[in-house]
Structure formats: C-alpha cells, structure tokens
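Participant: Could you have a look at this structure, given as structure tokens, before my questions?
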Amino acid sequence: MGLGADLGLRLPVQTVDQFFALRVPMGSGELSGLCRGIDNAFQVYTNLVVGNLASKEDLVPPVPILTRYAKEAGIKAFVKKEFLDHHKLPEERRSSDITVLPTPILCVQLNTLHYALSHLSKLEDSISERWLKKAHSDKFIKRSHDDKSRSFNQRNAFDGTRKDINAAIDKICEYTGTKIVFWELREPFIENLYKPKVSQARLEALIELLDLALNQLCSIIVEPLRDRLVTILLQASLVSSLLRFFKRFSSVLQLPLFFGGGGVVLPLMPSLFLWVLKCFLDFQDGLLRVLLDGGPSRVFFLNDAKLLEEDLDVLKEFFISGGDGLPRGVVENLVAHARHIIKLHGYETRELIEDLKSASGLELQGGRSKLGADTKTLLRILCHRGDSEASQFVKKQFKIPKSTV
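According to the numbering used here, the sequence shown is numbered sequentially starting from 720.
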C-alpha cells in the first residue's frame, strides 16, 4: 500500500517541488520530460495493480460437459452429493497457485486510484502556474526565441494516466463482482444451488451471504459528496433513488493511506455503484449458469418453474431493497433474460421439443422460435429436464451422453 499512497500524491508533488527548485537553465523540453516521467509513473502503478489481479479464467470454474437426464442418476444424486462435498476430486479444488486478493485490499487500491485521478487536474494546474511564474522571474530559465517555453501549457499532460486509471477502476469492479460470485460463493451457489433438487436448496439461503459480501465492500468504500453523486448519476441517466441505496449500504471511513501523513476521506461513489451493479450482474450470470449449464447433477422438473420464479423475485427485491435500492425499472430490465429462461422451464417437454425443431431452421433465416429462444438454450433446458421424453430426444437428435452422477 505504501507505493500506492506515494504515487497517489506525495511523490509526484515532491518531484515537482524538486524540479522547480533546480537553479539550472531549462526550457519546454525539460518541462515535457517532467510531465512524461510523472505520467509514466502513474501508468506503471495502474498496470501493476491490474497485473496483480487473477484472470477471469482462474476465478470461474469450467462449464460442465452437457449431459442428459438419467432416472437412476437422479435417484443417486442426493446420496452422492454428500460424498462429493467432502471428497472433491483434485481437479475440482481451488489451485493454491492462484492469488486472489481479498476485498479490503481491492477497496483500498480502488480508493487510491480514484484519489490520484481526482488530483491530476490540480497537479497539472500547479505545474502550469509554477512554470509561468518561473518563466517570468527566474533568470536561469533558458528562453527560446519564439517564447514558447514561457507559455507552455501542461493542462492535458496526464491524459494517458486518466485513461489508464479509469480502465483500471473498471477492471477492478469487474474482477470483484466475478470474485464474489464465482470464487467466494462458488460452493454454496455455483456448485450446490438447487441440488439435489430445487425445493431443497433455494436461492434465499444465498442472500445472507451476498449481503455480507456487499456490506464488507460498502463499509470500506467511502461515501462522497452528495452533489458529486447526483451529477454523476444524472450523467448516467439514472434516477435519484440510488442515493438512498448508497446511504443505506455505505459509510465514511478515515482510511490511513498516508496521503500527506494522515487519514483522508476519499470520495468514490461512482466506483461503488459500478461495483454493486457488477455484483448483481455476475450473480444473475451465475444463476443462468446454474439453470442452463449446471452439470449432470442438476435436474429441473416442470413444477420447478414456479419456485425458480419466486427465487428470481427474491434476488430482484434484495437489490431493489423496498425502494431504497436500485430503481425497480432498471432491475426489471436486467432480469428480463433470466425471467425468460425460467419461463422456458415451465413449458411442457413436447412444446420445447417442437420449438427446438423449428428454431433450427429459423435461425438460418435470422429468426427466432415461437418461444423466443435459440437452439442452444432450448437444448440445455431439455438436457436438464427430468423426464425420459426429453432425455430420449436429445440422445437421438444430438447424441448427448447420459448423466453418470
């Protein structure tokens, strides 16, 4: 954290102070060199932060092979689940070689990046003002004939840094959402939700775990000035109800980042919003994976659709938070695809088979099936359908192997 704090403010300011204290001839070339050096230092740090993040491929487990329902496998699923929970195969264990940064460290890194970003303009202004002052008063400045050095403008000197920091912030937000859903909640969510059947392992049990993860995140990310938040939200075309959501989940901390020696309050609500929203999107992606690529031990029956719909509403209401959270319209739009997948689970097997047959031809013409799904989705619904009709169809038409769980 020391390197990040120094790069956040102290080292660049000290470098600028030392530069202008030099009593040697200098011109615009030397000033450009100063700005390039600071710009490069910031970019090296942002690259270092991003470089320490594990890859998404390391965090997200591979998609299980697609298999079809086997009645005997369904009968054995409950007994075998308990065995597998305590005797996982080596390839299923998390590799000790993967370094996954804890959420508090990610929060501090994000705070550091945002703090540096928010001070770049001040640093540019300081350099520009001190250069003009030095150009007018210091007899040691080397003056060019066209006097370009006197009016040298450095207000856009750190645009490269701005671009890199913003990209790093986006990357950390994306990484953290993926980490929470596919790494920290992998066992209860990706591996065990709806096993051995939907009624015995509902989504509601995961909400408390998700709430704990988000509260840890929001307790470290610092609440910003309200006016700044409103401006950003308006620019993002979001409604003001987000304010209440952030007020509920975030707090102001004095983080000892040693910027200038003491703890400082760092405004970072834009990244907090991106972070929470990314967690929501990743959680929904995880749910879709469970529903469509849940592996051979996940079986869905026709009457499960109602329970799945209830679970989606639980997830939706958690993020809406009784009007104190994300806008209902935004959340409804985001869950539309998941709702459609759940609706497909509620169709009779014969309807799904007929729709899959027609969808194959329609896709070649750029169209969609009667049920509004593509062939890959319909095939996965049928593979996870707990009846022999669906199993025999995908065996005959697509040569899908039988589940051996």
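Ideal Cβ placement from N, Cα and C applies to all residues, glycine included.
With Lys-898 as the anchor, note down where its alpha helix (DSSP H) starts and where it stops.
Facilitator: Unbroken alpha helix (DSSP H) run through Lys-898: 878–898.
Participant: Distance, Cα to Cα, Val-1054 vs Glu-1108?
Facilitator: Spanning the two alpha carbons is a distance of roughly 30 Å.
Participant: Output the distance between the C-alpha atoms of Lys-914 and Ala-920, rounded to the nearest integer angstrom.
Facilitator: 6 Å
Participant: Buried or exposed for Ser-840, please, with buried defined as at least 16 other CB atoms from any protein chain shown within 10 angstroms of its CB.
Facilitator: exposed
Participant: When you compare each of Gly-756, Ala-1057, Leu-1026 and Leu-904 to Gln-733 by their alpha carbons, which one comes out closest?
Facilitator: It is Gly-756.
Participant: Look at the alpha carbon of His-838 and the alpha carbon of Ile-899, and state the distance between them as a whole number of angstroms.
Facilitator: 30 Å
Participant: I need the boundaries of the alpha helix (DSSP H) containing Asn-1022, first residue and last residue.
Facilitator: From DSSP, Asn-1022 is part of no alpha helix (DSSP H); its letter is neither H nor E.
Participant: Taking the C-alpha atoms as reference points, what is the distance between Lys-1121 and Ala-932?
Facilitator: Near 37 Å, if we compare the C-alpha coordinates of Ala-932 and Lys-1121.
Participant: Just the Cα atoms here: how many angstroms apart are Leu-785 and Arg-729?
Facilitator: So the alpha carbons of these two residues sit roughly 55 Å apart.
Participant: Under three-state DSSP, which class holds Lys-853?
Facilitator: helix
Participant: Check whether the stretch 1025–1043 and the stretch 1066–1083 are in contact - that is, three or more C-beta pairs closer than 8 Å.
Facilitator: no
Participant: Going by Cα to Cα distance, which pick from Lys-775, Phe-999 and Lys-852 is closest to Thr-818?
Facilitator: Lys-775
Participant: State the DSSP-derived secondary structure class of Glu-843, mapped to helix, strand or coil.
Facilitator: helix
Participant: Run through DSSP, which three-state label would Lys-775 get?
Facilitator: helix
Participant: So Arg-1008 and Ile-1100 are in contact, right, with Cβ under 8 Å, and what is the actual spacing, rounded?
Facilitator: No, Arg-1008 and Ile-1100 are not in contact; Cβ-Cβ is about 14 Å, not under 8 Å.
Participant: Going by beta carbon distance, what residues of the same chain come within less than 7 Å of His-855, once the five residues before and after it are set aside?
Facilitator: Excluding positions up to five away in sequence, the list is empty.
Participant: Quick check: what's the CA-CA separation for Gln-828 versus Ile-926?
Facilitator: 27 Å
Participant: Kindly list the residues whose CB is nearer than 7 Å to the CB of Asp-758, restricted to its own chain and excluding five residues on each side of it in sequence; keep chain order.
Facilitator: Ala-876, Phe-877, Gly-879 and Thr-880
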